[in-house]
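Final position of the sequence shown in numbering that gives the first Met the number 0 is 395; the numbers increase by one with none missing. Just so you know, even glycine gets a beta-carbon here, dropped at the ideal spot from N, CA and C. Some notes on the structure that comes next.
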Amino acid sequence: MSEVLAKKAAALDAADELAPHRDLFTLDEGVVYLDGNSLGALPRHVPARMQDVIAREWGQLRIRSWEESGWWTAPERIGDRIAPLVGAGPGTVVVGDSTSVNVFKALVAAVRMAGEGRDEILVDASTFPTDGYVAQSAARMTGCQIRALAPAAIVGALGRRTAAVLVNHVDYRSGRLNDLPGMTAAIHAAGALAVWDLCHSAGALPVGLAAHGVDFAVGCTYKYLNGGPGSPAYLYVRGDHQARFDTPLPGWNSHEDPFGMRPAYVPGEGATRGRVGTPDILSMLALESALDVWDGVPVEAVRAKSLALTDFFLECVEAYVPAGKVSSVTPAAHAERGSQVSLSCEGAGDVMRALIERGVVGDFRRPDVLRFGFTPLYVGFADAERAAAELATLLS
Ligand SMILES: *Cc1c(COP(=O)(O)O)cnc(C)c1O
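Structure follows, in structure tokens:
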């Protein structure tokens with residue numbers, strides 16, 4: 000059995016056009032890294048770029064770098080690098096702050112834009128916790144009620160009072176992909192605004208923000224975008240909303256004349272309006288450099304490989320792991336699957352610890368989920384087969 004699937008893995012790897020991308024990353028021989036949905040691997044060329052940023056741009060040019068090294072305009076410039084990965088046009092994405100902070104900006108702005116009589120915010124009940132906490136506070140500040148609903152119940156709950164809806168594109172625990180086009184259309188039909196959190200989808204699958212008319216979106220860059228620990232997040236504001244985007248965090252960086260140092264706030268134009276204070280330049284430039292690995296990579300190819308990888312991993316698990324030991328909580332249907340496989344398993348915490356000792360790095364999510372993230376740029380089919388084989392050995 001194992002022979003057959005190992006051969007299949009080798010054939011799939013040989014036919015994989017993205018396989019050469021693996022060499023762009025720093026990875027250890029013998030370790031299968033399936034945690035890139037939590038912290039992406041380091042692209043090999045980033046340390047040299049950071050050496051230059053620190054030694055020359057900071058060390059030698061110092062204050063001049065805000066202009067000469069393009070530091071001041073980095074948030075918009077890097078936003079434009081991310082935009083094509085999420086199907087957004089130029090000038091609609093700005094990089095900065097954390098996802099949590101950007102959820103706050105987007106949600107409050109969406110409620111402010113929604114208009115009279117709309118005093119309800121719907122949130123995905125299984126959301127990554129930070130989104131839920133921020134939504135609670137945003138609701139209190141804007142005088143809204145919050146309703147937490149399973150994503151499948153959201154469309155049925157939309158109504159005249161709905162101001163905004165906040166949904167995770169891919170559920171971080173189960174790996175379920177929510178229907179962004181369909182839900183966004185329904186949210187618009189109800190007269191409300193859609194805010195999508197793309198943390199687990201950007202860099203793993205096509206998002207189509209502009210094509211589907213999404214109002215606001217946020218996401219982090221340290222998962223599938225490999226920007227490094229704590230790399231800044233991004234905020235998308237649909238082009239035709241930008242002039243009305245009333246940020247709850249109007250810092251000097253988003254002022255139309257930041258160096259005018261004027262007492263009255265006058266918002267700048269375009270994506271700049273999403274900025275707040277001085278950007279974290281080192282992290283931001285590490286992210287910018289890391290994004291080079293996407294040059295010439297169509298997101299559709301990434302998605303095709305991601306589905307093939309998760310299919311193959313599930314096939315290997317089914318073949319190798321004794322019946323009844325694990326069950327997948329990730330939807331089988333491609334249209335409902337992100338780029339991870341979550342398996343519920345008794346004693347999952349201990350199982351994951353043992354797997355990591357054996358060189359297969361995934362993670363554990365309480366209460367009983369083994370989470371395996373598949374990052375198509377540097378994970379291959381032999382890795383998927385090896386992970387399933389190690390898991391089977393542990394559970395046999
Ligand atoms: C990872 C993740 C976050 C993280 O937010 P930070 O502010 O970067 O800590 C938020 N939302 C979702 C859905 C995530 O998966």
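(message) Quick check on the contact list: which residues have their beta carbon closer than 6 angstroms to a heavy atom of ligand 1?
(response) Ser97, Thr98, Ser99, Phe127, Thr129, Asp130, Asn167, Tyr171, Asp196, Cys198, His199, Cys219 and Ala232
(request) Classify Thr25 as helix, strand or coil using the three-state DSSP reduction. (result) strand
(message) Could you pull the DSSP bridge partners for Glu119 from this structure?
(response) Gln144 and Thr161
(request) Return the first residue and the last residue of the beta strand (DSSP E) that Arg364 is part of. (result) Run containing Arg364: Asp362 to Arg364, per the beta strand (DSSP E) assignment.
(request) Compare the Cα-Cα distances from Leu354 to each of Thr374, Ala332, Leu393 and Glu317 and report the closest residue. (result) Leu393
(request) Using a Cβ cut-off of 7 angstroms (strictly closer), state whether Cys219 contacts chain B. (result) No chain B is present in this structure, which holds just one protein chain.
(message) According to DSSP, is Arg336 part of a helix, a strand, or is it coil?
(response) strand
(request) With DSSP collapsed to three states, give me the class of Tyr32. (result) strand
(request) Could you tell me whether the stretch 203-211 touches the stretch 176-183, using the rule of 3 or more Cβ pairs below 8 angstroms? (result) yes
(request) Assuming Leu4 contacts Phe373 (C-beta within less than 8 angstroms), just tell me the rounded distance between them. (result) About 16 angstroms separates the two Cβ atoms, so there is no contact after all.
(request) May I ask you to report which of helix, strand or coil DSSP gives Asn252? (result) helix
(message) Cutting at 8 angstroms between CB atoms, please list the residues of its own chain near Pro205, excluding the five before and the five after it.
(response) Gly86, Val298, Glu299 and Arg302
(request) Identify every residue that forms a DSSP beta bridge with Pro42. (result) Phe24
(message) Whole angstroms are fine: how far does the CA of Pro330 sit from the CA of Asp367?
(response) So the two alpha carbons sit approximately 17 angstroms from each other.
(message) Give me the residue from Leu121, Ala137, Gln135 and Cys143 with the minimum Cα distance to Ala152.
(response) With respect to the C-alpha of Ala152, the residue from Leu121, Ala137, Gln135 and Cys143 having the closest C-alpha is Leu121.
(request) Out of Leu290, Pro249 and Ala347, state which residue places its alpha-carbon closest to the alpha-carbon of Ile81. (result) Leu290
(request) Check the DSSP bridge columns for Asp196 and list the partner residues they point to. (result) DSSP, once it has assigned bridges, lists Asn167 and Val217 as partnering Asp196.
(message) Taking the straight line between their C-alpha atoms, what separation do you get for Trp323 and Ser341?
(response) First, the amino acid is wrong: residue 323 is Gly here, not Trp. Whole-angstrom Cα-Cα distance: 15 angstroms.
(message) According to DSSP, is Arg274 part of a helix, a strand, or is it coil?
(response) Coil, per DSSP.
(message) Taking the alpha-carbon of Gly267 as reference, which of Gly250, Pro278, Ser282 and Thr277 has the nearest alpha-carbon?
(response) The residue with the shortest Cα to Cα distance from Gly267 is Gly250.
(message) Can you tell me whether Thr72 is buried or exposed? The criterion is at least 16 other CB atoms within 10 Å of its CB, across all chains shown.
(response) exposed
(request) Sort Gly69, Ala113 and Val133 by Cα distance to Val100 and report the nearest one. (result) Val133
(message) Assuming the contact rule is C-beta atoms closer than 8 angstroms, Val93 and Leu234 should be a hit. Round their C-beta distance to whole Å, please.
(response) 6 angstroms
(request) Determine, using beta carbons only, whether Cys344 and Leu369 come nearer to each other than 7 angstroms. (result) yes
(request) For the beta strand (DSSP E) holding Leu369, just list the boundary residues, first then last. (result) Val368 to Gly372
(request) Determine the closest residue to Asn252 out of Pro83, Ala332, Gly58 and Arg272, with distance taken between C-alpha atoms. (result) When each option's Cα is compared against that of Asn252, the closest is Arg272.
(message) Using only the alpha-carbon positions, how far apart do Val360 and Ala108 sit?
(response) About 39 angstroms.
(message) I need the DSSP call for Ser136, collapsed to helix, strand or coil.
(response) Of the three classes helix, strand and coil, the one that applies to Ser136 here is helix, per DSSP.
(request) With a cut-off of 8 angstroms on the beta carbons, I'd call Glu317 and Arg357 a contact; round off their distance for me. (result) At roughly 20 angstroms, the Cβ-Cβ gap does not stay under 8 angstroms, so Glu317 and Arg357 are not in contact.
(message) Just to confirm, is the Cβ distance from Leu17 to Pro375 under 7 angstroms?
(response) yes
(message) Taking the alpha carbon of Pro228 as the reference point, which residue from Asn36, Ala162 and Glu28 has its own alpha carbon closest?
(response) Nearest C-alpha to Pro228: Asn36.
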